[in-house]
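2 protein chains.
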Amino acid sequence: MATNPLEPEEFRRQGHMIIDFIADYYNNIEKYPVLSRAEPGYLRTRLPKSAPNNPEPIETILKDVNSHIIPGLTHWQSPNHFALFPSSGSTAGFLGETLAAGLNVVGFNWVSSPAATELETIVMDWLGQMLKLPKSFLFSGTGGGVLQGTTCEAIICTLVAARDRKLSAIGRENIGKLVVYGSDQTHSGFQKASRIAGIHPDNYRVVETNKTTSFAMSSEALRRSIEADVEAGLAPLFVCATVGTTSTTAVDPLGPIAEVAKEYGMWVHVDAAYAGSACICPEFRHFIDGVERMNSFSFNAHKWFFTTLDCCCLWVKDPGALTKSLSTDPEILKNKATESKKVIDYKDWQITLNRRFRALKLWLVLRSYGVERLQGFLRSHVRMAKLFEALLEEDDRFEVVVPRSFAVVCFRVSPLAISKFKLIIITSSNDHKIENDVVRKGECCVINGDAALREKCINEVNRELLELVNGSGRVYMSHGVVGGVFVLRFAVGATLTEESHVVRAWKVVKEHADTILANYN
Amino acid sequence: MATNPLEPEEFRRQGHMIIDFIADYYNNIEKYPVLSRAEPGYLRTRLPKSAPNNPEPIETILKDVNSHIIPGLTHWQSPNHFALFPSSGSTAGFLGETLAAGLNVVGFNWVSSPAATELETIVMDWLGQMLKLPKSFLFSGTGGGVLQGTTCEAIICTLVAARDRKLSAIGRENIGKLVVYGSDQTHSGFQKASRIAGIHPDNYRVVETNKTTSFAMSSEALRRSIEADVEAGLAPLFVCATVGTTSTTAVDPLGPIAEVAKEYGMWVHVDAAYAGSACICPEFRHFIDGVERMNSFSFNAHKWFFTTLDCCCLWVKDPGALTKSLSTDPEILKNKATESKKVIDYKDWQITLNRRFRALKLWLVLRSYGVERLQGFLRSHVRMAKLFEALLEEDDRFEVVVPRSFAVVCFRVSPLAISKFKLIIITSSNDHKIENDVVRKGECCVINGDAALREKCINEVNRELLELVNGSGRVYMSHGVVGGVFVLRFAVGATLTEESHVVRAWKVVKEHADTILANYN
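Heads up: the sequence lines are chains A and B, in that order. The UniProt record's numbering puts the first residue of the first sequence at 1, with every later residue one more than the last. The UniProt record's numbering puts the first residue of the second sequence at 1, with every later residue one more than the last.
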């Protein structure tokens with residue numbers, strides 16, 4: 001007879017082992033190249049072709065984690081991870097996740113574990129207060145908050161609520177007329193959410209942005225787009241406004257967007273996935289001015305709020321709109337608490353039935369650090385981003401491409417750093433056609449004369465710089481392309497990052513820029 | 001200056017504390033009433049109105065977990081939890097979840113952590129082999145598998161893929177003509193998924209089941225429903241077949257359903273959320289005979305496969321159909337590995353962009369226990385369900401309402417146990433109208449003469465029994481209503497459950513039945 005797989009003392013023994021394993025991993029994390037160097041298919045050659053018939057000891061498995069899994073990781077918790085957006089873990093966030101896994105409750109409705117639902121309503125109100133959201137978004141007011149997995153889910157839920165509300169007014173047969181609006185900087189998840197929700201693919205509008213507004217959505221351009229659709233007999237439905245866009249952390253003007261959308265009876269969702277957390281600091285709160293006129297607001301606590309993946313905080317003004325679209329009432333879940341209407345059944349606020357006890361990790365983060373220290377952590381990241389910016393600005397071969405608002409710096413090697421413009425095709429396997437010549441990978445052609453080609457050249461220089469920087473293994477950054485300009489993104493937010501890491505990252509950038517620029521001068 | 005919130009040695013200290021906390025919880029779990037006795041709103045009166053300004057020590061927080069959270073839990077890991085479907089945790093599943101939380105990688109695409117993607121493809125093939133899925137569902141064949149959070153997500157993804165494939169053939173303007181099919185036993189998540197995906201609410205077809213087929217879907221009834229829709233000019237799209245329905249673990253006949261669906265070019269998904277795992281045992285494998293003709297198949301490893309919530313395993317024959325509908329290609333995520341087309345970017349196989357490293361927990365479960373022992377665990381649960389069934393059968397006041405296939409027993413107090421049929425209105429606050437008399441809560445009326453009312457009476461007896469049993473705090477069971485019959489569901493699957501718990505549960509049922517039946521005899 002096998003031992004019970006949840007026998008408490010064996011659980012305790014192995015549990016302590018995994019904690020030590022992870023603590024040791026954090027201690028050693030800077031020894032690994034940040035961006036994994038694994039080759040496609042590397043793992044299949046190292047692991048057996050089928051599951052083992054007999055048990056293997058945890059000691060063997062952890063050894064395999066070290067030799068086969070760790071080398072295939074990109075180390076998101078590394079203090080040298082400056083790519084994309086951070087995944088800022090913390091001890092408190094980890095403990096909350098771990099406790100939730102240990103309790104392993106399935107909190108679809110109130111009765112399935114009252115604490116899971118009630119703690120969620122409480123922390124969502126706490127967090128809403130910290131963000132100074134209006135009462136209309138809080139349970140202590142007339143709205144309410146819910147923890148979703150990710151922003152994509154939050155957008156699908158609100159979009160479906162908005163869709164059904166509109167269709168019940170204009171008739172379900174008009175689903176093909178519904179139009180949704182984002183900007184060219186809006187997260188790709190919005191377009192995907194629209195597709196999933198059955199919005200006609202032709203009815204996804206992209207409002208173009210440009211450098212003059214730092215790539216924020218223009219409410220005037222939005223209005224023009226909406227007016228054209230109304231004229232064409234279509235039905236404007238939903239705007240997704242962003243606070244902290246993915247490429248450059250641009251902030252769409254919430255007030256003016258709400259103004260336009262209100263005229264047309266549209267739902268406006270604010271996707272503050274990255275930058276929302278910063279708004280718990282008074283000096284950043286102005287970025288969400290106008291939120292009081294929105295229908296829904298979300299940010300990801302798993303991005304820049306010390307909470308383990310996944311944890312998206314969504315507040316809505318009208319929970320009834322959500323539950324009207326998302327409620328189910330199967331016999332097997334019928335219970336007196338639900339019938340009393342005194343409780344919340346969160347399954348009706350989200351896509352899925354099952355839900356993990358995510359509120360625990362948020363509660364532990366809020367209590368373990370407290371509001372002031374959380375503000376302090378966020379400010380220290382902003383300060384480090386400013387430091388990186390200052391280092392860049394001391395070196396006139398570099399430029400900051402868009403103004404920094406939070407802890408992401410978008411920069412590049414400036415065209416001024418180059419005297420001999422050449423197009424050296426490095427990263428693309430395609431041939432480039434330049435002035436009637438075909439240039440192949442590795443070849444180069446001098447193109448000093450042509451402004452557009454100069455721009456292409458500087459983009460290639462920066463692309464090469466990013467590749468060398470990441471190839472060094474010492475840091476990991478990512479890129480964006482805005483207004484045709486290739487920018488390197490330096491995002492501070494990994495929890496272990498300190499000033500010394502930022503200074504070292506700058507040295508890595510400079511060293512590789514020195515090498516590359518030697519070819520162009 | 002605050003200490004870093006991910007400082008490794010403080011992480012280690014607190015990590016060990018949380019492990020001990022959870023191990024102690026498991027040791028004490030039988031001391032708590034299984035179903036929480038918390039009253040709606042209990043927690044709001046106990047916690048502060050806002051987040052603390054200053055840090056609180058973990059010791060204080062864990063004390064609060066004990067005094068405020070534990071009493072509000074329904075204890076899913078209790079060996080006396082026999083309600084709904086199990087949430088079978090295990091040490092290995094927990095370790096995998098914990099390790100994933102510690103590494104905290106955001107595995108949306110291959111390059112974001114190659115190990116996360118590659119391990120997932122490997123374990124999905126391992127698991128597919130264990131289920132003897134045909135090669136057409138495996139990466140080593142022509143299909144592939146992906147880990148989703150829950151079945152709801154798996155169904156949305158496959159439904160959207162099927163929808164877009166169909167609409168690209170018949171024109172997007174025909175979205176209102178698409179029809180989807182389930183039975184009256186199909187999980188409520190399917191109807192919700194259809195609504196989310198924009199299927200017209202009138203086009204959700206419910207094939208009625210009945211006792212003669214043990215509440216399995218009749219392929220003939222399905223065919224009639226489809227034919228009527230085709231005749232009405234509608235477009236049949238998708239069938240959701242179930243292996244192990246929620247109420248009674250009925251098994252829809254996969255082969256005959258595929259036969260019908262194929263004629264009409266429909267997508268068939270198999271939802272084996274609960275019973276799929278049992279099919280790794282040869283003696284249960286026949287329940288998914290016919291799967292080779294299906295388009296997609298899913299089961300929840302977090303239900304009855306020792307893996308922590310959430311973890312739904314989905315296999316599809318045509319990954320291209322999924323990725324055609326769900327792909328995004330934002331500039332910020334562009335990378336050479338993706339461009340090489342040698343890798344899988346799982347973001348294009350699911351709703352969300354972000355994804356946790358779920359493969360770790362499945363890998364740890366498969367390796368820590370091995371195939372044979374996993375089969376043994378499942379068989380032991382089935383054996384315990386059989387034991388409960390045998391105990392029931394020895395007492396002729398009880399009856400098993402539908403044949404047991406897995407580890408869920410659907411039973412009730414039999415009408416034969418009653419000599420004086422009375423309708424005592426207990427659970428409903430509504431008045432009942434019976435033979436021209438209005439019967440109020442707590443009142444009773446003898447109704448020996450009327451067969452339908454006798455049925456109502458026996459349902460009320462069983463409802464009362466369930467309430468008393470759950471109110472005892474000693475066990476937790478749930479209910480279903482099939483063919484108008486209220487049944488108690490006894491689901492074995494909590495990992496800590498042993499024979500002694502089953503015997504004790506039977507005693508609790510018997511004791512309370514004795515009390516209730518005294519009123520009716």
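C-beta atoms are modelled at their ideal positions from N, C-alpha and C, and glycine is treated no differently. Note that the coordinates shown come from a computational prediction; the quantities given were computed from them, not determined experimentally.
Exposed is the label assigned to Lys342 of chain A, since fewer than 16 other Cβ atoms lie within 10 Å of its Cβ.
Exclusion of the five residues before and after Asn470 of chain A leaves Leu35, Tyr476 and Met477 as the residues of its chain whose Cβ lies within less than 7 Å of its Cβ. Identification of chain A residues near Asp20 of chain B by a Cβ-Cβ cut-off of 7 Å yields Arg12, ordered along the chain.
Excluding five sequence positions before and after Leu167 of chain A, the CB atoms of its chain that fall closer than 7 Å to its own CB belong to Asn174 and Ile175, given in chain order. Taking a cut-off of 8 Å for Cβ pairs, the segment 107 to 121 of chain B and the segment 353 to 367 of chain B touch, as three or more such pairs fall below it.
Interface annotation, Asn210 of chain B: not in contact with chain A, CB-CB separation never under 8 Å. For Gly128 of chain A, the uninterrupted alpha helix (DSSP H) segment begins and ends at Pro114 to Met130. Look at Pro55 of chain B here: in three-state DSSP terms it is coil, with no helix or strand label. Nearest to Arg163 of chain A by C-alpha distance, out of A:Leu254, A:Gly149 and A:Trp267, is A:Trp267. Among the CB atoms of chain B, none fall inside 8 Å of the CB of Leu488 of chain A. Residue burial annotation: Thr212 of chain B is exposed, with fewer than 16 other C-beta atoms found within 10 angstroms of its C-beta. Between the C-alpha atoms of Glu467 of chain B and Thr352 of chain A there is a straight-line separation of about 28 Å.
Here the C-alpha atom of Leu378 of chain A lies approximately 57 Å from the C-alpha atom of Phe411 of chain B. Contact annotation for Lys192 of chain A against chain B: Leu326 and Thr328 [CB-CB distance below 7 Å, chain order]. Counting along the chain, no alpha helix (DSSP H) covers Ser277 of chain A, and no H or E run does either. In this chain, the alpha helix (DSSP H) harbouring Val382 of chain B covers Ala359 to Glu394. With contacts defined as CB atoms closer than 8 Å, Tyr369 of chain B and Val461 of chain B fail to qualify as a contacting pair. With a threshold of 16 other beta carbon atoms within 10 Å, Ser194 of chain A meets it and is buried.
A check of alpha carbon separations from Cys279 of chain B across B:Phe305, B:Arg367 and B:Arg454 identifies B:Phe305 as the nearest. Membership of Cys152 of chain B in any beta strand (DSSP E) is not indicated; the residue belongs instead to the alpha helix (DSSP H) covering Thr151 to Ile170.
Taking C-beta separations shorter than 8 Å and ignoring five residues to either side along the sequence, the partners of Val402 of chain A in its chain run Lys211, Ser214, Phe215, Thr248, Ala250, Cys410, Val482 and Val487, following chain order. Residue state for Arg504 of chain A is assigned as helix, using DSSP reduced to three classes. The distance from the Cβ of Ile344 of chain A to that of Val413 of chain A is about 53 Å, inconsistent with a contact at the 8 Å cut-off. Counting the other CB atoms within 10 Å of its CB gives Glu97 of chain B a total of 16 or more, which places it among the buried residues.
The secondary-structure analysis by DSSP pairs His479 of chain B across a beta bridge with B:Leu488.
For Val343 of chain B, the residues of chain A that pass the 9 Å Cβ criterion are Pro40 and Gly41, in the order they occur in the chain. Below the 7 Å Cβ cutoff, chain B contributes Ile122 as neighbours of Leu47 of chain A, in chain order. Residue pairing by DSSP places Cys312 of chain A opposite A:Gln148 and A:Asn300 in a beta bridge. In the DSSP assignment, Asp271 of chain B falls within the unbroken beta strand (DSSP E) covering Trp267 to Asp271. Taking the Cα positions, Thr121 of chain A is about 51 Å away from Asp396 of chain A. Contact between Asn53 of chain B and Val371 of chain A holds: CB atoms are separated by about 5 Å, below the 8 Å threshold. Any Cβ of chain B closer than 8 Å to the Cβ of His16 of chain A would place that residue at the interface, and such an atom is present. Between the C-alpha atoms of Ala100 of chain B and Val65 of chain A there is a straight-line separation of about 11 Å.
Counting only Cβ-Cβ distances below 9 Å, Ile175 of chain B has contacts in chain A at Ile175, Gly176, Gly198 and His200, in chain order.
DSSP places Phe11 of chain B in the helix class (H, G or I) of the three-state scheme. Under the 8 Å criterion on CB atoms, Tyr476 of chain A is classed as non-interfacial with respect to chain B.
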